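Asks:
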Amino acid sequence: MTDPVTTHFSDRHIGPSTADIDDMLSTLGVTSLDALMAQVIPDTILDQAPLDVPEAASEEDALAELRALSRENVLKTSLIGQGYYGCHTPQVILRNVLENPGWYTSYTPYQPEISQGRLEVLFNFQTLVSELTGLPIANASLLDEATAAAEAMAMCHRALRGKRSRCVVDADTHPQTLDILRTRAEPIGITLDVVDLRQTAPVWDDVFAVLVQTPGTSGELFDCSDLSAAAHDAGALVICATDLLALSLLRSPADMGADVAIGSAQRFGVPLGFGGPHAAFMATQDKYKRSMPGRLIGQSIDANGKSAYRLALQTREQHIRREKATSNICTAQALLAVMATLYACYHGPQGLRAIARRVHSTTATLAEHLRALGFDVTTQRFFDTVQLRVPGAAQSVADAAEAAGYNLRRVDADTLGMSLDETTTQDDLAALLSAIAACLDVSSPDALPSATAVTLDPALCRDDQPLSQTCFHAYQSETEMMRYLRRLADKDLALDRSMIPLGSCTMKLNAAAEMAPVSWPEFTDMHPFVPAEQSRGYRRMITQVERMLSACTGYDAVSLQPNAGSQGEYAGLLAIKRYHEARGQGHRNVCLIPGSAHGTNPAS
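So the sequence shown is residues 175 to 778, counted in the numbering used here.
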């Protein structure tokens with residue numbers, strides 16, 4: 175007789191052997207796990223009914239199932255934009271960070287003695303954001319650009335002590351950001367006014383903040399200097415939603431008078447991933463630092479006189495201030511912030527500027543050839559995005575581009591958007607122009623487009639040289655970066671070294687078999703706004719997870735929309751609020767929370 179082969183995922187993943195389990199049960203004085211459960215869980219809540227979920231699969235079977243789901247996704251080159259862009263993840267970062275358990279299994283750095291590696295990189299993330307935005311203080315990442323905008327709105331509201339209730343928002347803001355702002359504004363009594371700030375001056379009565387996006391969702395660049403001056407004269411603060419790659423060439427938000435800058439760091443080497451996860455950022459003036467959401471990393475001196483890093487100001491802010499906390503944001507996509515920072519370190523300021531110039535040059539080439547073919551390119555001053563007016567033909571042109579392998583943004587029945595990135599090639603431009611010309615029965619370009627020189631308005635270009643710090647200049651060979659990453663990892667404690675004896679919702683090992691598909695192109699290279707028929711694999715997988723979680727929780731439906739536990743709490747509270755309002759009991763405004771609850775609960 176041969177020994178049985180271990181095939182169940184749980185046998186490999188959970189760890190304790192049968193002998194280990196028997197030894198622990200003996201120590202506890204029980205004969206089985208079922209007997210232990212009977213003692214620990216009250217009869218009134220112990221559910222012994224079998225779960226309505228699929229039979230357990232081996233690692234190999236699970237990977238085969240995921241591979242089959244991945245093949246249902248249809249990959250095309252995305253030119254949709256809206257805050258999500260193609261990028262190249264340097265292999266040295268992919269292999270040594272994203273796929274390295276020394277980085278993806280480490281715990282939130284509340285204990286700085288075992289977290290110096292991550293704290294150093296997150297400190298550099300803050301430096302990166304501060305340098306490019308021109309603002310003196312930045313936090314150690316947020317969840318995504320849209321929630322960062324909502325957090326900035328709330329922060330400005332707090333900064334003026336809630337004495338005003340109107341927030342003016344640029345109409346050229348990404349639609350998903352507008353949606354989140356509307357969701358977040360109503361419960362805290364904020365009125366949102368969406369205004370075309372490029373054409374219309376706001377009415378400043380009762381306005382506490384104005385949010386402008388540049389580059390806008392249309393691609394249009396906007397010098398908000400005059401708007402900032404007017405806002406400050408009216409006693410309001412200015413939030414600028416922006417793009418870090420563009421800021422390697424363009425004037426900083428601070429230079430244009432903004433008090434707060436927010437955005438996403440996704441295009442700094444983090445794959446699209448059907449919308450996430452990606453790290454967002456926020457930077458602001460020093461006087462608002464105690465109102466900032468999320469975490470701040472500080473540099474200090476340890477007991478031996480050496481430089482050291484630690485969480486500053488808000489180490490466990492939600493646990494200390496509870497319902498008076500400034501935000502419910504907690505860990506906030508630290509791994510992705512690490513990747514974005516290392517991307518900037520690997521390329522350095524000159525490399526980032528070169529990438530930005532190439533992206534802009536390619537976009538200018540596209541715009542020039544579209545105009546030469548007689549098309550109406552409506553975006554005048556742009557970095558990487560242009561909009562094309564094709565009266566009544568947007569859908570047919572988008573379909574033609576899709577057939578050629580490209581997804582365009584359908585703005586409305588007459589307008590298309592095209593956003594280029596560091597992955598766009600001259601061959602892409604030629605194929606795209608040919609598809610558009612053929613669809614509209616226009617003569618195709620005679621030759622492949624040649625690169626156009628950078629055409630940015632000098633008045634919009636920055637005249638300083640950010641990112642002079644050593645970390646952005648010392649690791650631009652693979653050898654130096656690899657050794658730097660090893661030195662950083664050696665300063666941290668993660669699950670690849672030992673168990674971490676902390677009870678937390680985040681301390682679960684993601685097995686290698688679970689992590690491997692995260693790097694598969696069919697999952698990483700999909701834009702969140704692709705046509706539904708291109709994302710069947712993703713949607714089928716999401717539906718399966720929702721059904722299994724519904725079976726486990728006993729609920730009729732589950733939403734996977736919140737991208738953190740804190741956001742799930744908040745979404746749940748809003749759903750409960752809406753439920754009471756629908757039943758005519760909107761006056762209910764008391765929420766009971768146990769004193770032992772996680773700090774994000776009262777913060778939410």
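Glycine included, C-beta positions come from ideal geometry on N, C-alpha and C.
Since this is a predicted model, take the numbers as computed values, not measurements.
1. State the DSSP-derived secondary structure class of residue 697, mapped to helix, strand or coil.
2. Does the CB of residue 686 have a neighbour CB from chain B at under 9 Å?
3. List the whole-angstrom C-beta distance separating residue 537 from residue 594, where the pair is believed to meet the contact cut-off of C-beta under 8 Å.
4. For residue 312, collect the residues of the same chain with a Cβ closer than 7 Å to its Cβ; drop the 5 residues on either side in sequence, then sort them by chain order.
5. By DSSP, does residue 316 sit in helix, in strand, or in coil?
6. Considering only the beta carbon of each residue, do residue 742 and residue 736 sit closer than 9 Å?
7. Tell me the residue span of the alpha helix (DSSP H) that contains residue 199.
8. Note down, one range per segment and in chain order, each alpha helix (DSSP H) of at least 4 residues found wholly within the stretch 649-736.
9. Would you give the residue range spanned by the beta strand (DSSP E) that residue 382 belongs to?
10. If we ignore side chains and look at the alpha-carbon of each, how far apart do residue 546 and residue 557 end up?
11. Mark residue 684 as exposed unless 16 or more other C-beta atoms lie within 10 angstroms of its C-beta, in which case mark it buried.
12. In the DSSP assignment, the alpha helix (DSSP H) including residue 555 goes from what residue to what residue?
13. Output the distance between the C-alpha atoms of residue 318 and residue 451, rounded to the nearest integer angstrom.
14. When the distance is taken between beta carbons, is residue 468 closer than 9 Å to residue 315?
15. What does DSSP give as the partner residues of residue 470 in its beta bridges?
16. With H, G and I counted as helix, E and B as strand and the rest as coil, what does DSSP make of residue 423?
17. Just to confirm, are residue 297 and residue 471 a CB contact at a threshold of 9 Å?
18. By the three-class DSSP mapping on this structure, what secondary structure does residue 247 have?
19. Which same chain residues end up closer than 7 Å to residue 461 when comparing Cβ atoms and leaving out the 5 residues on each side of it in sequence?
20. Among the candidates 257, 353, 308, whose CA atom is the shortest distance from the CA of residue 449?
21. Count the other CB atoms, across all protein chains shown, that sit within 10 Å of the CB of residue 600; report buried if there are 16 or more and exposed otherwise.
22. Quick check: the stretch 351-366 against the stretch 397-409, are at least 3 beta-carbon pairs closer than 8 Å?
23. Spatial neighbours of residue 203 within its chain, please: C-beta separation below 7 Å, excluding the five flanking residues on both sides.
24. Tell me, please, whether the stretch 263-272 touches the stretch 384-397 by the rule of three or more beta-carbon pairs shorter than 8 Å.
25. By DSSP's criteria, residue 637 is part of a beta bridge. Which residues make up the other side?
26. Can you grab the Cα-Cα spacing for the pair residue 511 / residue 480, in whole Å?
27. How long is the line joining the alpha carbons of residue 369 and residue 343, rounded to whole angstroms?
28. Give the C-beta separation of residue 331 and residue 391 to the nearest angstrom, bearing in mind that I take them to be a contact with Cβ-Cβ under 8 Å.
29. Are the Cβ atoms of residue 396 and residue 371 separated by less than 9 Å?
30. Spatial neighbours of residue 230 within its chain, please: CB distance less than 8 Å, with the 5 preceding and 5 following residues excluded, ordered by chain position.
31. Output the distance between the C-alpha atoms of residue 633 and residue 745, rounded to the nearest integer angstrom.
32. According to the neighbour-count rule (16 or more other Cβ atoms, all chains shown, within 10 Å of its Cβ), is residue 327 buried or exposed?
33. Could you check which residue in 773, 210, 289 has the C-alpha nearest to that of residue 485?
34. Compare the C-alpha of residue 438 against each of 420, 429, 430 and name the closest.
35. Considering only C-alpha positions, which residue in the set 652, 464, 350, 287 is nearest to residue 477?
36. Quick check: residue 353 and residue 322, are their CB atoms within less than 9 Å of each other?
Replies: On the basis of the data shown:
1. helix
2. Here chain B cannot be found, since the structure has a single protein chain.
3. 5 Å
4. 300, 303, 304, 455, 456, 457
5. strand
6. yes
7. 192-202
8. 652-664, 686-689, 695-698, 710-727
9. 381-387
10. 19 Å
11. exposed
12. Neither: residue 555 is in no alpha helix (DSSP H) and is coded neither H nor E.
13. 8 Å
14. yes
15. 486
16. coil
17. yes
18. strand
19. none
20. 257
21. exposed
22. no
23. none
24. no
25. For residue 637, which the question treats as bridged, DSSP gives no partner whatsoever.
26. 25 Å
27. 6 Å
28. That belief does not hold up - the Cβ atoms of residue 331 and residue 391 are roughly 24 Å apart, past 8 Å.
29. yes
30. 182, 183, 184
31. 43 Å
32. buried
33. 289
34. 420
35. 287
36. no
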